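Sequential numbering from 3 applies to the sequence shown in my numbering. C-beta atoms are modelled at their ideal positions from N, C-alpha and C, and glycine is treated no differently. Quantities reported herein were computed from a predicted structural model and do not represent experimental measurements.
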Amino acid sequence: MSYSLGIDIGGTFTDIVVYDHARGRQLNRKVLTTHDDPARAVAVGVERLLRGHRLPPGELTRVVHATTLFTNALIERRGAVTGLITTAGFADTLEIGRERKFELYDLNLVKTEPLVPRNLRLEVAERTRADGSIARPLDTRQVAAQARRLTAAGATSIAVVFLHAYANPRHEAEAARLIARRHRQVAVTTSSEVAPEIREYERASTTVANAYIKPLAREYLDAMARRLAGLGIPAPLLIMQSSGGLTHVAEAERTPVQMLESGPAAGALAAAFFGREDSQGNLLAFDMGGTTAKLSLVDAGEPLTAYAFEAARQKRFLEGSGLPIRISTIELIEIGAGGGSIANVDEIGLLKVGPHSAGSQPGPAAYGLGGAEPTVTDADFVLGYLDPDYFAGGEMPIDMTAARAALERLAARVTLSLTEVAWGIHDVVNENMASAARVHVAERGRDPRHYALLCTGGAGPVHAYEVARKLGLREVICPPAAGVASALGLLVAPARVDRVATVGIRLDRDRVGALEQAFRRLEDDARAVMADSGLKLDTASVRRLADGRFLGQGFDLVVDLPDGPYDDSDACRQRLTAAFETAYRAKFALTPPDVPVELINIRVAVRARVAEGSGGGVTVQSGRGSGGAVKGVRPAYFPQVGGFTETTVYDRARLAPGEEVRGPAVVEEEGSTLVIGPGGVGRVVASGNIVVRLS
3 MSYSLGIDIG GTFTDIVVYD HARGRQLNRK VLTTHDDPAR AVAVGVERLL RGHRLPPGEL
63 TRVVHATTLF TNALIERRGA VTGLITTAGF ADTLEIGRER KFELYDLNLV KTEPLVPRNL
123 RLEVAERTRA DGSIARPLDT RQVAAQARRL TAAGATSIAV VFLHAYANPR HEAEAARLIA
183 RRHRQVAVTT SSEVAPEIRE YERASTTVAN AYIKPLAREY LDAMARRLAG LGIPAPLLIM
243 QSSGGLTHVA EAERTPVQML ESGPAAGALA AAFFGREDSQ GNLLAFDMGG TTAKLSLVDA
303 GEPLTAYAFE AARQKRFLEG SGLPIRISTI ELIEIGAGGG SIANVDEIGL LKVGPHSAGS
363 QPGPAAYGLG GAEPTVTDAD FVLGYLDPDY FAGGEMPIDM TAARAALERL AARVTLSLTE
423 VAWGIHDVVN ENMASAARVH VAERGRDPRH YALLCTGGAG PVHAYEVARK LGLREVICPP
483 AAGVASALGL LVAPARVDRV ATVGIRLDRD RVGALEQAFR RLEDDARAVM ADSGLKLDTA
543 SVRRLADGRF LGQGFDLVVD LPDGPYDDSD ACRQRLTAAF ETAYRAKFAL TPPDVPVELI
603 NIRVAVRARV AEGSGGGVTV QSGRGSGGAV KGVRPAYFPQ VGGFTETTVY DRARLAPGEE
663 VRGPAVVEEE GSTLVIGPGG VGRVVASGNI VVRLS
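Structure follows, in structure tokens:
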């Protein structure tokens with residue numbers, strides 16, 4: 003017997019899934035996140051799940067974990083006191099940025115505050131040229147002196163960012179060794195190990211972000227490993243990265259910035275996995291939990307990948323309003339729209355929902371844990387979409403009196419009835435998510451009508467039908483155990499290691515053979531990290547990419563390259579040039595005539611499955627289909643049919659493949675509830691998904 007354990011810590015709930023490989027079944031549990039010590043909720047939830055199903059901890063062979071902890075630390079500025087040591091003359095790089103206003107006509111615009119204040123950004127004498135040659139040796143005495151100043155000022159983490167270190171990391175490595183030797187309690191991060199590529203501001207921002215969360219990551223991951231070992235679980239802990247791949251704890255502690263989007267990445271992978279049979283591979287993945295909603299596109303069965311994003315944006319849709327981070331990440335948009343999102347009235351009397359959330363402490367008013375603000379979850383209870391006697395499988399008591407009282411206080415402020423304000427909250431949050439989806443899809447040149455909406459998360463299935471209707475979509479897909487789908491997505495993720503290097507090679511005149519050597523170095527490094535995870539490399543696949551541009555352009559386009567090896571022959575040059583021009587035309591329709599192509603950065607993505615079989619050895623578990631799926635009838639609110647109407651409630655576990663559910667209807671399972679509006683028809687298909695066709 004062998005079992006896999008997936009752990010996804012969100013802002014409100016911690017989702018835990020145990021997958022039984024012998025029987026092809028999954029066992030789930032949701033527990034409230036304990037923000038003071040997130041590992042505590044994990045330990046409690048895992049222990050209860052194992053004890054409740056009499057599972058021996060020693061037979062857990064794999065543990066995979068994702069968390070939003072580090073993203074929240076950046077947003078809430080709860081990281082370590084961080085210092086920066088940089089080349090003389092470059093201490094203000096973080097402050098200057100790109101000198102572009104993210105809102106052109108805002109005269110009172112406030113730029114994002116750097117993670118390192120000015121008094122903790124210190125300079126040392128050294129200079130490396132763009133070609134990697136040394137113009138001025140590193141002054142090690144200055145490095146020692148500046149490190150003393152930073153530690154005396156309370157810094158527990160130091161970032162080292164030297165000019166052109168991507169071309170030659172020698173000075174950074176020397177400085178890091180000196181600091182680590184003299185200040186063993188201080189975490190040290192160099193730009194050459196985190197973001198070895200051109201553009202000083204982005205490289206410095208990424209390095210500083212890594213340094214800012216590094217002590218927190220070490221403490222947290224070590225505590226998590228100890229908690230799991232204390233439960234008698236012998237399996238090593240694997241960590242989900244933003245790219246949608248897994249790595250081992252040591253690598254995650256070295257570069258925790260790679261984990262910033264680990265939780266949302268798991269949701270996108272789960273959507274791709276669950277929807278591949280029923281959508282022709284084209285999905286809009288919609289994951290709505292207690293704190294946030296995430297949206298991502300899946301094309302041809304694969305989530306889109308980006309190689310840069312912005313963390314902690316002040317304005318969620320405006321580029322330049324956050325901290326630029328240069329890592330590989332699944333491309334998605336995240337907004338403050340979850341079950342715990344708080345409803346309020348703005349200065350002109352309009353109803354607003356989010357981005358502030360009640361989280362798990364104190365939580366929505368309905369949780370009875372002290373929350374008094376009206377939230378989306380409170381509205382969903384009052385509208386009849388959620389059953390107070392079966393929330394979280396009936397294990398969480400619900401206080402409907404507190405939920406109504408919170409909504410009534412808001413209703414009095416906007417002079418609406420209780421039902422009207424509840425529907426207003428529900429409708430506003432749906433429109434917020436639909437608006438974000440429109441922007442996300444349009445920016446990528448896609449038509450949303452060509453996609454099916456696959457919903458996951460505890461709140462996703464409740465809101466998916468209305469969000470899809472607003473977007474003009476034809477289908478909603480709801481997988482089994484949708485409430486914990488992200489945790490199950492961890493168990494279908496491959497191991498993945500990404501590496502990048504700046505090369506600056508013109509394909510018309512420079513040695514292309516040097517490109518092959520550079521790729522081999524990156525691939526060897528990535529394979530070494532993967533081997534440290536205890537995975538077999540014989541199943542690993544390698545993907546080669548490059549950031550290319552036509553000579554004279556200021557920014558580049560990431561494109562896939564043909565398989566190597568590369569040499570200096572004209573045929574190889576033409577093959578690489580054609581690959582870039584094809585991708586460029588797909589993006590911009592035309593290419594400039596007779597302009598050489600320049601490859602600025604090269605990238606590799608090495609992936610390997612963590613278990614044998616399709617999907618990492620995990621199969622979708624459908625309902626038992628034992629008949630008698632109707633649980634009863636309760637009033638639920640649908641304005642399309644005039645308000646509250648008697649709505650049939652189904653037990654999802656008893657729905658068999660081929661059965662149909664006609665809206666209005668509610669389909670319940672332990673961790674989530676699917677709401678089907680009037681005119682919609684849901685059908686349980688062979689994969690176990692419920693596919694809902696909108697009227």
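Query raised in the report: Near Met242, which residues of its chain fall below 8 Å by C-beta distance, leaving aside the five closest residues on each side in sequence?
Result: In its chain, beyond the 5 residues on either side, Val66, His67, Ala68, Leu248, Met261, Ser264, Gly265, Ala267, Ala268, Leu492, Ala495 have a beta carbon closer than 8 Å to the beta carbon of Met242.
**Report entry** Pro40 - containing alpha helix (DSSP H), residue span
**Finding:** First-last of the alpha helix (DSSP H) with Pro40: 40 to 54.
Requested in this report: Indicate whether Val599 and Thr579 have their beta-carbon atoms separated by less than 8 Å.
Outcome: yes
Query - Local conformation of Ile87 per DSSP, three classes - result: Three-state result, Ile87: strand.
Report task. Could you check what DSSP says for Ser543 in three-state terms: helix, strand or coil? Result -> strand
Query raised in the report: Do you know offhand how far Leu420's Cα is from Ala219's?
Result: Their Cα atoms are separated by approximately 44 Å.
Query raised in the report: Starting from Phe640 and walking both ways along the beta strand (DSSP E), at which residues does that stretch end?
Result: 632 to 640
Query raised in the report: So what does DSSP say about Ser159, is it helix, strand or coil?
Result: strand
Query raised in the report: Helix, strand or coil: which one does DSSP assign to Gly265?
Result: helix
Query - Cβ-based burial, Leu320 [other Cβ within 10 Å; buried from 16] - result: exposed
Report task. Can you say whether Arg611 is buried or exposed, counting buried as having 16 or more other CB atoms within 10 angstroms of its CB? Result -> Within 10 angstroms of the beta-carbon of Arg611 lie 16 or more other beta-carbons, which makes it buried.
Query raised in the report: Given His358, which residues of its chain have a CB within under 6 Å of its CB, disregarding the five upstream and five downstream residues?
Result: Ile344
Query raised in the report: Using the beta-carbon count (16 or more within 10 Å), is Leu152 buried or exposed?
Result: Residue environment for Leu152: buried (at least 16 other C-beta atoms within 10 angstroms of its C-beta).
Requested in this report: Return yes when the Cβ of Asp289 is within less than 8 Å of the Cβ of Ser437, no when it is not.
Outcome: no
Requested in this report: Assuming Arg205 contacts Arg328 (C-beta within less than 8 Å), just tell me the rounded distance between them.
Outcome: 7 Å
Query raised in the report: By the 10 Å Cβ neighbour count, where 16 or more other Cβ atoms means buried, how is Ser110 classified, buried or exposed?
Result: Looking at the sequence shown, residue 110 is not Ser but Asn. By the 10 Å Cβ count, Asn110 comes out exposed.
Query - Euclidean distance between Cα positions of Glu195 and Tyr369 - result: 45 Å
Query raised in the report: Alpha carbon to alpha carbon, what distance is there between Glu221 and Gln28?
Result: 30 Å
**Report entry** Residues bridged to Met242 (per DSSP)
**Finding:** According to DSSP, Met242 bridges with Leu248.
Query raised in the report: Measuring CB to CB, does Pro463 end up less than 8 Å from Cys457?
Result: yes
Query - Pick from Ala407, Glu101, Pro116, Arg415 that is closest to Gly372, judged by C-alpha positions - result: Ala407
Query raised in the report: Does any C-beta atom of chain B lie closer than 8 Å to the C-beta of Asp389?
Result: Given the protein chain composition of this structure (a single chain), no chain B is represented.
Report task. List in chain order: all unbroken alpha helix (DSSP H) runs of 4+ residues lying wholly within the segment 182 to 210. Result -> 193 to 196
Query raised in the report: Which residues in the same chain as Ala146 place their Cβ atom closer than 7 Å to its Cβ, once the five residues preceding and following it in sequence are excluded?
Result: Correct list, in chain order: Leu180, Arg184.
Query - Euclidean distance between Cα positions of Glu468 and Gln642 - result: Using only the alpha carbons, I get a separation of about 11 Å.
**Report entry** Under the three-state DSSP convention, the category Gly615 falls into
**Finding:** Because the pLDDT at Gly615 is just 38, under 50, the model does not fix this residue reliably, and the value given afterwards should be weighed accordingly. Residue state, collapsed to three classes: coil.
**Report entry** Which listed residue (Ala75, Ile337, Gly342) has its alpha carbon closest to that of Lys216
**Finding:** Ala75
Report task. Could you check if Ile98 is buried or exposed, using at least 16 other CB atoms within 10 Å of its CB as the buried criterion? Result -> exposed
Query - Closest residue to Phe646 among Pro666, Arg654, Ala658, Lys296 (Cα-Cα distance) - result: Pro666
Report task. State the DSSP-derived secondary structure class of Val687, mapped to helix, strand or coil. Result -> coil
Query raised in the report: So Val355 and Val416 are in contact, right, with Cβ under 8 Å, and what is the actual spacing, rounded?
Result: The beta-carbon distance between Val355 and Val416, rounded to whole angstroms, is 13 Å. This is too long to meet the 8 Å contact definition.
Report task. With DSSP collapsed to three states, give me the class of Gly485. Result -> DSSP, read as helix, strand or coil, puts Gly485 in helix.
Report task. Check each candidate in Val677, Thr14, Val694 and name the one with the smallest Cα separation from Gly341. Result -> Thr14
Query raised in the report: Roughly how many angstroms lie between the CA atoms of Ala287 and Ser298, to the nearest whole one?
Result: When rounded, the separation of the alpha-carbon atoms in Ala287 and Ser298 is 5 Å.
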